[in-house]
Structures are given as structure tokens and as C-alpha cells.
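Per this note's numbering, the sequence shown starts with residue 128, numbered consecutively.
Ideal Cβ positions, reconstructed from N, Cα and C, are used throughout, including at glycine.
These numbers come from a predicted model, not from an experiment.
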Amino acid sequence: MAHSSAQLLAAKSGFQRALRAWYRVHARPLPWRLNPSLYQTVVSEFMLQQTQVKTVLPYLARWLVELPNFAALAAAPESRVLKLWEGLGYYSRARNLHKLAQTIASRPVPRTPAEWQELPGVGPYTAAAITSISFGAPAACVDGNVVRILARLTADATPYRDSASASKAFAPLATALLPATNPGDHNQAMMELGATVCFRQNPLCLTCPVVKFCAAGQRGDPENYPKLAAKKLEQVAVMRVWIERQCALLLHLSAGGARRFANIHELPTAAQAGLTEAAATKGKLLAKKRRGITRYQITESIYRTSSPRGMPPTGLVWVPLVDLDTVTLSGPHRRWVKEILAERPAPESSRR
Ligand code: SF4
Numbered sequence: 128m129a130h131s132s133a134q135l136l137a138a139k140s141g142f143q144r145a146l147r148a149w150y151r152v153h154a155r156p157l158p159w160r161l162n163p164s165l166y167q168t169v170v171s172e173f174m175l176q177q178t179q180v181k182t183v184l185p186y187l188a189r190w191l192v193e194l195p196n197f198a199a200l201a202a203a204p205e206s207r208v209l210k211l212w213e214g215l216g217y218y219s220r221a222r223n224l225h226k227l228a229q230t231i232a233s234r235p236v237p238r239t240p241a242e243w244q245e246l247p248g249v250g251p252y253t254a255a256a257i258t259s260i261s262f263g264a265p266a267a268c269v270d271g272n273v274v275r276i277l278a279r280l281t282a283d284a285t286p287y288r289d290s291a292s293a294s295k296a297f298a299p300l301a302t303a304l305l306p307a308t309n310p311g312d313h314n315q316a317m318m319e320l321g322a323t324v325c326f327r328q329n330p331l332c333l334t335c336p337v338v339k340f341c342a343a344g345q346r347g348d349p350e351n352y353p354k355l356a357a358k359k360l361e362q363v364a365v366m367r368v369w370i371e372r373q374c375a376l377l378l379h380l381s382a383g384g385a386r387r388f389a390n391i392h393e394l395p396t397a398a399q400a401g402l403t404e405a406a407a408t409k410g411k412l413l414a415k416k417r418r419g420i421t422r423y424q425i426t427e428s429i430y431r432t433s434s435p436r437g438m439p440p441t442g443l444v445w446v447p448l449v450d451l452d453t454v455t456l457s458g459p460h461r462r463w464v465k466e467i468l469a470e471r472p473a474p475e476s477s478r479r
């Protein structure tokens, strides 16, 4: 990296100018750019952790109507915050954002990356984004997009164990490339370049505003960078059960103190419903779903089975089918429940 990175830094002001000029013309008109405010920047940065822009947009619009500022968010009950977040996943972000608003409401607003990193849910990337955009702090955002751009600009052949170690290695270069004025615009321009031009596959080098500064772009082998070790996926199988009684569905409600899914409803696993896997598989298989979460490839099988005898085991609640929309379900479970309900035959009385 050393040679190309030195060349890039020698051409730093030309690189900054080319990137800024492109960003001014091509930046997507996203709400947090059109009407910037600290609150909107913070909420959007939390939502954008792990989630794509197009998914975030309707959530952010609804959130800003319901909870328009830190004070409203701080005063809202957690159940309302989680309901507004329903479907975005990674619910700890919503709980951290809620706690952050409550902290900010009772003390002066922090201004430096180090102070922001003391707040719940704020890591180096989010702290750099918030403080560079809202306070002009000279802090570089380094995420997978930025690593990809920097690795290609410098045709860096160093092998990295994972994206966290690559981010750490590229942080000094990202910081050295920051302009003295408007570092927030520069950070946003880098993110925009990663999201709309320097794609993981088939990057648009021919029309890229910084191709003349890019070693890999000029060589024609950008997809060879960064050199990240392939992720090893672990296969996990989960058996879930669909138990219905008197027009109510049995759901698992995680306890308030649970680390990931506190106060979120999900279809119970066989074990949560007090059933052995052998007993659960006697029922009809309603759906088989696959999804990836971090390094896990999870296959979830959902079996219709009968109600456990007596009281439901701890943590399970009966939710009337007509009230399903009012409780908070995790995103995939909301989709599965809707799909299963939509697929079953209508009751005799409503058939024509
Ligand atoms: Fe990415 Fe290609 Fe632009 Fe280089 S020239 S930054 S590889 S899009």
C-alpha cells in the first residue's frame, strides 16, 4: 500500500476537488442531506448501520413525524420506539438510540468523536459521521465502502483477516485525505461514491470522478481489491412452531432484559414451546426459510402443531390474530406470519 498511498497523498488536493465537484452534482437528494439537523443525522446514522438506504427512507420519514426531536424520543415509551423500528432489525440500535436521547436530554450536546463514542450504540464510524457532518470535526468515516475505495485507489495487495482489521489499517489514510474544510461533505462523498459508483462488483470506473487517482481503476482490476479473507459461514438449523387456539397465535416474548430481542415477539422455537423436535415435526411443515445473520446461515423450519397442555410455558403469550398488527414482531417473523396467514384457505363462511 505504501507506494500507491504516497502517490495518492501527493495528489490529495486534486482528489478532494474532483470528489467534491462530483458530489455536488451527483449526490442523491436524501432527506438527511436536504434538511440537515443533528437529530436527523443521528437517527439516520443509527438506521443506516446494517441497513440499506432504500429500506431506511420510509422508516425515517415515519419516525420524524412521530418522534421529531431528541426530547420527544427521550419521553417516548420503549414499546413505541420498538414498534416504529419494527422490520428494520437489530433492535439494540433502537434501544441505544432511545437511551442516547435520554442522555442528551439531560446534559450539553457532545461535539467531539470521543465524547460521542461514550454514548450507547455509537462506534468510531457513527461518531465520525455525526461529528464531521454536524460540527465539522476532522474525523474520517471508515466502513466497508470506504475500505473498498481506498484499497482500489492504492491497489493495496495486503491480505486482511476481516473488514474490521482492514478498516483499522485504512483509517490513517482516510484521515490524511480529509480536507480542512467541510470534512462532513467529504465523508458523505466517499460513502456516496461507494454506494453509487465503486460497486463491489462491476464498479463504474469509466465514469468515476476519481479514476485518474485510482491505481486499480487504471489497471482494470478493481474487483481484486480489497483482499479480504472469505467469510466462513456456520450452518444453523432452528425449528419453530405455529400453535393456534381460538383465533389466537402463541408467540414468544423476550424478557425486557434480554440482550438482542427484549420486548420483541417471535414464533417460538420447539424448545420454547416445551416440545421436543420429534414432537414438533409430527405437525405439518408450513414454511422453510433461510437467512444470513453475520457469520451464520440459518435455516428455520416452521411446523404447525397443537397447543401445549395447560398454561403456556414461561415467555409465551397468546396474541389474538386480530391484534397481531399491534404487537412488535421481529421483521422476518412479521413476514412469515403474514405469509402463512395469507396462504391458508379462507374460512367456509367467507368463501364465495
Ligand atoms: Fe472505484 Fe473504479 Fe473509481 Fe477506482 S476508478 S474508485 S475502482 S469506481
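**Start and end residues, beta strand (DSSP E) containing valine 365** = For valine 365, the uninterrupted beta strand (DSSP E) run begins and ends at 361-369, by DSSP.
**Asked** From which residue to which residue does the beta strand (DSSP E) around isoleucine 425 run?
**Response** Counting along the chain, the beta strand (DSSP E) containing isoleucine 425 begins and ends at 423-431.
**Request:** Please classify alanine 133: is it buried, with 16 or more other beta-carbons within 10 angstroms of its beta-carbon, or exposed?
**Result:** Residue burial annotation: alanine 133 is exposed, with fewer than 16 other C-beta atoms found within 10 angstroms of its C-beta.
**Prompt:** In the structure shown, what three-state DSSP assignment does asparagine 209 receive?
**Reply:** According to the sequence provided, residue 209 is leucine. The question's asparagine does not apply to it. DSSP places leucine 209 in helix when its eight states are reduced to three.
**Item:** Test item, CB below 7 angstroms from any non-hydrogen atom of ligand 1
**Value:** Result: Ile276, Arg279, Leu280, Leu320, Val324, Cys325, Pro330, Leu331, Cys332, Cys335, Val337, Val338, Cys341, Ala343, Gly344 and Pro349.
**Prompt:** Ordered along the chain, which non-local residues of its own chain (more than five positions away) have a Cβ less than 7 angstroms from that of arginine 220?
**Reply:** The beta carbon of arginine 220 is closer than 7 angstroms to those of Phe173, Gln176 and Gly248 in its chain, skipping five residues each way along the sequence.
**Prompt:** Which stretch, first to last residue, makes up the beta strand (DSSP E) that contains leucine 194?
**Reply:** From DSSP, leucine 194 is part of no beta strand (DSSP E); its letter is neither H nor E.
**Where lysine 416 falls: helix, strand or coil (DSSP)** = DSSP places lysine 416 in strand when its eight states are reduced to three.
**Proximal residues to glycine 419 (C-beta, below 8 angstroms), its chain only, five neighbours per side dropped** = Leu360 and Ile425, listed in sequence order.
**Prompt:** What residues match up with tyrosine 352 in a beta bridge as DSSP calls it?
**Reply:** Checking the DSSP bridge columns, you'll see tyrosine 352 has no partner listed.
**Prompt:** How many Å lie between leucine 456 and threonine 396 at the Cα?
**Reply:** Roughly 15 angstroms separates the two Cα atoms.
**Asked** By DSSP, does leucine 394 sit in helix, in strand, or in coil?
**Response** Looking at leucine 394 - three-state DSSP - the assignment turns out to be coil, as it is neither helix nor strand.
**Prompt:** Where proline 353 and valine 449 are concerned, what is the direct C-alpha to C-alpha distance, given to the nearest angstrom?
**Reply:** Those two C-alpha atoms are separated by around 50 angstroms.
**Message:** With a threshold of 7 angstroms on Cβ separation, who are the neighbours of leucine 277 within its own chain once the five nearest residues in sequence on each side are excluded?
**Reply:** Phe297, Leu300 and Ala301, listed in sequence order.
**Prompt:** Nearest-angstrom Cα distance between alanine 129 and leucine 468?
**Reply:** Reliability fails at alanine 129, whose pLDDT of 44 lies under 50, so the model's placement of it is uncertain and the value that follows must be treated cautiously. A straight line joining the alpha-carbon of alanine 129 with that of leucine 468 spans about 58 angstroms.
**Item:** Environment of glycine 141 [buried if 16+ CB atoms lie within 10 Å]
**Value:** Answer is exposed; the Cβ neighbour count stays below 16.
**Request:** Using alpha carbons as the reference points, say which of Val169, Asn272, Leu320 and Pro330 lies closest to serine 259.
**Result:** Closest by alpha carbon: Val169.
**For alanine 357 and alanine 148, the rounded distance between their alpha carbons** = Between alanine 148 and alanine 357, the C-alpha separation is close to 36 angstroms.
**Item:** valine 152: first and last residue of the uninterrupted alpha helix (DSSP H) it sits in
**Value:** Counted as a single uninterrupted DSSP element, the alpha helix (DSSP H) harbouring valine 152 occupies residues 139-153.
**Item:** Cα-Cα separation between alanine 254 and leucine 157, rounded to whole angstroms
**Value:** For alanine 254 and leucine 157, the distance between alpha carbons rounds to 20 angstroms.
**Asked** When you compare only the Cα positions, how much space is there between proline 306 and arginine 327?
**Response** Going from the Cα of proline 306 to the Cα of arginine 327 covers about 26 angstroms.
**Request:** Ignoring anything shorter than 4 residues or poking outside the segment 234-290, list the alpha helix (DSSP H) runs there in chain order.
**Result:** Along the segment 234-290, the alpha helix (DSSP H) occurs as fully enclosed runs of 4 or more residues at 240-243, 251-262 and 271-280, listed in sequence order.
**Asked** Considering only C-alpha positions, which residue in the set Lys226, Val269, Ile257 and Thr182 is nearest to alanine 201?
**Response** Measuring from the Cα of alanine 201, the nearest candidate turns out to be Lys226.
**Request:** With DSSP as the reference, label lysine 358 as helix, strand or coil.
**Result:** The answer is coil: DSSP assigns lysine 358 none of H, G, I, E or B.
**Request:** Evaluate contact between the segment 283-291 and the segment 228-242, counting only Cβ atoms and requiring at least three cross-stretch pairs below 8 angstroms.
**Result:** Short answer: they don't touch.
**Asked** Since alanine 375 sits in a beta bridge, which residues does DSSP pair it with?
**Response** The bridge partners DSSP lists for alanine 375 are Arg372 and Pro447.
**Prompt:** Start and end of the alpha helix (DSSP H) containing proline 158?
**Reply:** Going by DSSP, proline 158 is part of the alpha helix (DSSP H) stretching over 158-161.
**Message:** Just to confirm, is the Cβ distance from alanine 138 to alanine 316 under 9 angstroms?
**Reply:** It is not a contact, given that the beta carbons lie outside the stated cut-off.
**Message:** For valine 444, tell me which candidate among Ser171, Ala282, Gln399 and Thr403 has the shortest Cα-Cα distance.
**Reply:** For valine 444, the nearest C-alpha among the options comes from Gln399.
**Item:** Spatially closest choice to tyrosine 252 from Val337, Gln179 and Cys268, by CA coordinates
**Value:** The option with the nearest alpha carbon to tyrosine 252 is Cys268.
**Pair within 9 angstroms by beta-carbon distance, glycine 458 and glycine 263** = The answer is no: Cβ separation not under 9 angstroms.
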